[in-house]
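Remarks on the structure that follows.
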Amino acid sequence: MPLPHFLLLLVVVVVAAGATLWVASSAGVPFAALALAALVGAALMRLLARVE
6 MPLPHFLLLL VVVVVAAGAT LWVASSAGVP FAALALAALV GAALMRLLAR
56 VE
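All residue numbers in the sequence shown are consecutive under the working numbering, ending with 57.
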């Protein structure tokens with residue numbers, strides 16, 4: 006992957022994360038609930054991606 010594409014991808018991910026936090030905080034969602042949802046989603050993706 007060329008460096009400009011990598012840097013653009015990095016910027017897009019950081020901006021998307023910031024937008025998610027901003028929308029969640031303006032909607033009144035506690036950050037603990039958002040963190041728990043992220044952990045559950047990561048665990049679910051890990052279990053679904055496991056190949057044995």
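Beta carbons: idealized from backbone N, C-alpha and C, even for Gly.
It should be emphasised that the depicted structure is a prediction, and the values quoted were computed from it without experimental measurement.
Query, Result
"Compute the Euclidean distance between the alpha carbons of Leu49 and Leu41, then round it to the nearest angstrom.", "12 Å"
"Measure the C-alpha to C-alpha separation of Thr25 and Pro7 and round it to an integer number of angstroms.", "27 Å"
"Rounded to whole angstroms, what's the CA-CA distance from Ala37 to Ala29? Just pull it up for me.", "11 Å"
"Pull up the distance between the alpha-carbon of Ala22 and that of Ala54, whole angstroms please.", "23 Å"
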